[in-house]
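A short write-up of the structure that comes next.
In the numbering used here, the protein residues as written are 12 to 541.
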């Protein structure tokens, strides 16, 4: 236990840059009971686990994977996911594997200390619920990406050991957990257990002042449980045979039940204006169930707490003030599908895409020329032209990364009811119609067949949630990946997929485990097809 405490202490000290709350102490007599001297110490420790989620490479690589592989997004710098040429040596995959297990290792350490602390039970269980929510979220991301993974639930010998075993490390940890991949179902059982604990012990979101504070609440656990059940009900890539296997149909009803709890009991609601969801000044609003928190560096005393999203999505070389890399941009094929389906009257259109801008000379520049060949992704760039930070570096923006919002819950509810019951009624179409009504689009009317509603829900998820990190996973569980890749074949304004359509096999439904992980841990088995 002493070793675990010192590991956690070192981790927390490394992670805290957002709050100057740690005083220099002598920790030569640290025990589980006195590691947290006050309740605030414990809260600060848990915030350190949240801090691991801010890693720009981790979330940006997830964003790129989910949007670039099916093809809603093009990438200017690294086109491996666009061109389907990624391998087990692609660097982005290593970032996803290592950072994911680092967060899990930090969470395991914090859970160990909290469970053995003398904190009052209600606070202890709330903090444990927050950390278990984070651990479940990261495991959910990891198991969907890589399928056949180790399930590490105890504290490793060091935080680095949670990524790759080191010489001289505690072999019992690795032999029993890290060196052993477990069946996907075992990982999901563990995720559900963590989320059920979180759901039972986290407070409700209140929005007393119109916003929440960004920490996990009961509704975040309920919503993620719904998504986990929805994923289990969908198709599953068999990483030992390379086939797409049916999911567990009983999970549809469970997913619908969890969504219904949020719809019936609140406290979440759709923002009336779609554009307001992602504005920095409106962050943590009533539609946001959970998001990764960032602070812009123009705030006094804040450094290293910003996001690179706005800079990565901005227009490279444009005659405008904000700094931009233009690492990613919209896929014109995907963009044209939206225009052909809904037209530019869709209320989400101008928030999702930038199709023109006014340069420093006062001229209006429309997309289609120079570095502005395609519409830019604009959902998360509310800070991009903020004059208080426009002269700062690329990682200084304050826009949060939305992980789960209420519109997703509404669409999941319609999907789960449709699949579970097969006879759409007013309750089934309620969720999708709430989303369509805000978008200014025609509502679904009864009667409608199960198959017709399934297609309508699929398209609505594409338009509503695009660029929020759901596209690949939705393709994965519905078996639509090859069809979507074909629709979005030209992803880079002239650069197309580097393989033939016939070469797109089911192996693309899962990622290869990175070469570094395989070489450092010879017990790991590569996913079928890779």
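Glycine residues also receive a C-beta, built at the ideal position from the N, C-alpha and C atoms.
Apart from the five residues just before and just after residue 240, which ones in its own chain have a Cβ nearer than 6 angstroms to its Cβ? Position 229 of the chain shown holds residue 240. Excluding positions up to five away in sequence, the list reads 262, 265 and 266.
Just verifying my parser: in three-state terms, what is the DSSP assignment at residue 146? Within the chain shown, the letter at position 135 stands for residue 146. It is helical.
Are there 16 or more other CB atoms within 10 angstroms of the CB of residue 496, so buried, or fewer, so exposed? Along the chain shown, one-based indexing puts residue 496 at 485. Answer is buried; the Cβ neighbour count reaches 16.
Could you check if residue 448 is buried or exposed, using at least 16 other CB atoms within 10 Å of its CB as the buried criterion? Position 437 of the chain shown, counted from the first residue, corresponds to residue 448. That one is exposed.
Do the CB positions of residue 247 and residue 260 come within less than 9 angstroms of each other? The sequence position of residue 247 within the chain shown is 236, counting from 1. The sequence position of residue 260 within the chain shown is 249, counting from 1. No, they are not a contact pair.
Answer yes or no: do residue 68 and residue 118 have a C-beta to C-beta separation smaller than 9 angstroms? For the purposes of this step, residue 68 is taken as the residue at position 57 of the chain shown. For the purposes of this step, residue 118 is taken as the residue at position 107 of the chain shown. The criterion of a C-beta distance shorter than 9 angstroms is not satisfied by residue 68 and residue 118.
Spatially closest choice to residue 523 from 426, 90, 54 and 97, by CA coordinates: Within the chain shown, residue 523 is the residue found at index 512, counting from 1. For the residues 426, 90, 54 and 97, the minimum Cα distance to residue 523 belongs to 97.
Taking just the CA atoms, how far does residue 203 sit from residue 151? Looking up residue 151 in the chain shown gives position 140. Looking up residue 203 in the chain shown gives position 192. Computed Cα separation, rounded: 10 angstroms.
Inter-residue CB distance, residue 518 and residue 540 (contact presumed, cutoff 8 angstroms): The residue you call residue 518 lines up with position 507 of the chain shown. The residue you call residue 540 lines up with position 529 of the chain shown. So it is a contact: roughly 3 angstroms between Cβ atoms.
Buried or exposed by the 16-neighbour rule on C-beta atoms within 10 Å, applied to residue 36: Within the chain shown, residue 36 is the residue found at index 25, counting from 1. Low confidence applies here, because residue 36 scores a pLDDT of 34, under 50, leaving its location unreliable; read the following figure in that light. Exposed, since its Cβ has fewer than 16 Cβ neighbours within 10 Å.
Around the C-beta of residue 126, are 16 or more other C-beta atoms found within 10 angstroms, so that it is buried, or is it exposed? For the purposes of this step, residue 126 is identified with residue 115 of the chain shown, where counting begins at 1. Answer is exposed; the Cβ neighbour count stays below 16.
Give me the Cα-Cα distance between residue 192 and residue 162, rounded to the nearest whole angstrom. Taking the first residue of the chain shown as 1, we reach residue 192 at position 181. Taking the first residue of the chain shown as 1, we reach residue 162 at position 151. Their Cα atoms are separated by approximately 7 angstroms.
Where residue 56 and residue 121 are concerned, what is the direct C-alpha to C-alpha distance, given to the nearest angstrom? As a first step, residue 56 is located in the chain shown; it is residue number 45 there, counting from the start. As a first step, residue 121 is located in the chain shown; it is residue number 110 there, counting from the start. Cα-Cα distance, rounded: 8 angstroms.
With three or more C-beta pairs closer than 8 angstroms as the rule, is the stretch 409-428 touching the stretch 267-284? yes
Spatial neighbours of residue 464 in its chain, beta-carbon cut-off 6 angstroms, leaving aside the 5 residues before and after: As a working mapping, residue 464 is identified with position 453 in the chain shown. Contacts found: 429 and 435.
Kindly indicate which residue of 286, 341, 199 and 144 has the alpha-carbon position closest to the one of residue 545. Because residue 545 is not part of the residues shown, which for the chain are 12 to 541, the question remains open.
In this structure, how does DSSP classify residue 392 when only helix, strand and coil are distinguished? Taking the chain shown and counting its residues from 1, the one referred to as residue 392 is at position 381. Residue 392: coil per DSSP, three-state reduction.
Less than 8 angstroms between C-beta atoms, sequence neighbours within five positions excluded: which residues of the same chain meet that for residue 386? Locating residue 386 in the chain shown gives position 375, where the first residue counts as 1. Contacts found: 340, 341, 343, 346, 364, 365, 366 and 378.
Considering only the beta carbon of each residue, do residue 515 and residue 250 sit closer than 9 angstroms? Residue numbering aside, residue 515 sits at position 504 when the chain shown is read from its first letter. Residue numbering aside, residue 250 sits at position 239 when the chain shown is read from its first letter. Taking 9 angstroms as the Cβ cut-off, residue 515 and residue 250 do not qualify as a contacting pair.
Mind checking which residues open and close the alpha helix (DSSP H) that includes residue 420? In the chain shown, the residue the question calls residue 420 occupies position 409. 417-432 is the extent of the alpha helix (DSSP H) around residue 420.
Does the distance from the CB of residue 91 to the CB of residue 103 come in under 9 angstroms? For the purposes of this step, residue 91 is taken as residue 80 along the chain shown, with counting starting at 1. For the purposes of this step, residue 103 is taken as residue 92 along the chain shown, with counting starting at 1. Yes, the Cβ-Cβ distance between residue 91 and residue 103 is below 9 angstroms.
Going by DSSP, name the residue or residues bridged to residue 365. The residue given as residue 365 occupies position 354 in the chain shown. Residue pairing by DSSP places residue 365 opposite 387 in a beta bridge.
Residue 153 vs residue 111 beta-carbon contact at 9 angstroms: Taking the chain shown and counting its residues from 1, one reaches residue 153 at position 142. Taking the chain shown and counting its residues from 1, one reaches residue 111 at position 100. Yes, Cβ-Cβ distance for residue 153 and residue 111 is below 9 angstroms.
What number of angstroms, rounded off, separates the C-alpha of residue 236 from the C-alpha of residue 140? Reading the chain shown from its first residue, position 225 is the one you call residue 236. Reading the chain shown from its first residue, position 129 is the one you call residue 140. The straight-line gap from Cα to Cα measures roughly 14 angstroms.
Of the residues 108, 537, 109 and 76, the one placed nearest residue 95, counting alpha carbons only: Position 84 of the chain shown, counted from the first residue, corresponds to residue 95. Measuring from the Cα of residue 95, the nearest candidate turns out to be 76.
Beta-carbon gap between residue 577 and residue 408 smaller than 9 angstroms: What is shown of the chain runs 12 to 541, which leaves residue 577 out entirely.
Enumerate in chain order the residues of its own chain whose CB-to-CB distance from residue 149 is below 6 angstroms, with the five nearest sequence positions on each side excluded. As a first step, residue 149 is located in the chain shown; it is residue number 138 there, counting from the start. 111, 114 and 115, listed in sequence order.
Please state whether the Cβ-Cβ distance between residue 499 and residue 63 is less than 9 angstroms. The residue labelled residue 499 in the question sits at position 488 within the chain shown. The residue labelled residue 63 in the question sits at position 52 within the chain shown. Not closer than 9 angstroms, so no.
In angstroms with no decimal places, state the Cα-to-Cα distance between residue 12 and residue 433. Residue 12 sits at position 1 when you count from the first residue of the chain shown. Residue 433 sits at position 422 when you count from the first residue of the chain shown. For residue 12, the predicted structure reports a pLDDT of 37, less than 50, and the residue's modelled location is therefore unreliable. The matter cannot be settled from this model.
Have a look at the DSSP bridge pairing and note the partners of residue 86. As a working mapping, residue 86 is identified with position 75 in the chain shown. Paired residues: 339.
Apart from the five residues just before and just after residue 42, which ones in its own chain have a Cβ nearer than 7 angstroms to its Cβ? By one-based count along the chain shown, residue 42 stands at place 31. Caution is warranted here: a pLDDT of 48 is assigned to residue 42, below 50, making its placement in the model unreliable, and no coordinate value can be reported.
Which value, in whole angstroms, describes the spacing of the CA atoms of residue 184 and residue 48? Against the chain shown, residue 184 aligns to sequence position 173. Against the chain shown, residue 48 aligns to sequence position 37. With a pLDDT of only 48 at residue 184, under 50, the local geometry of the prediction cannot be trusted, and the value read off the model is given with reservation. Answer to the nearest angstrom: the Cα atoms are 30 angstroms apart.
Contact set for residue 73: own chain, Cβ-Cβ below 7 angstroms, skip 5 residues either direction: Working through the chain shown from its first residue, we reach residue 73 at position 62. If we look at residue 73 and ignore the five residues flanking it on each side, its Cβ neighbours are 107, 152 and 480.
Going by beta carbon distance, what residues of the same chain come within less than 6 angstroms of residue 212, once the five residues before and after it are set aside? Residue numbering aside, residue 212 sits at position 201 when the chain shown is read from its first letter. Result list for residue 212: 136, 137 and 140, in chain order.
How long is the line joining the alpha carbons of residue 450 and residue 358, rounded to whole angstroms? For the purposes of this step, residue 450 is taken as the residue at position 439 of the chain shown. For the purposes of this step, residue 358 is taken as the residue at position 347 of the chain shown. About 5 angstroms.
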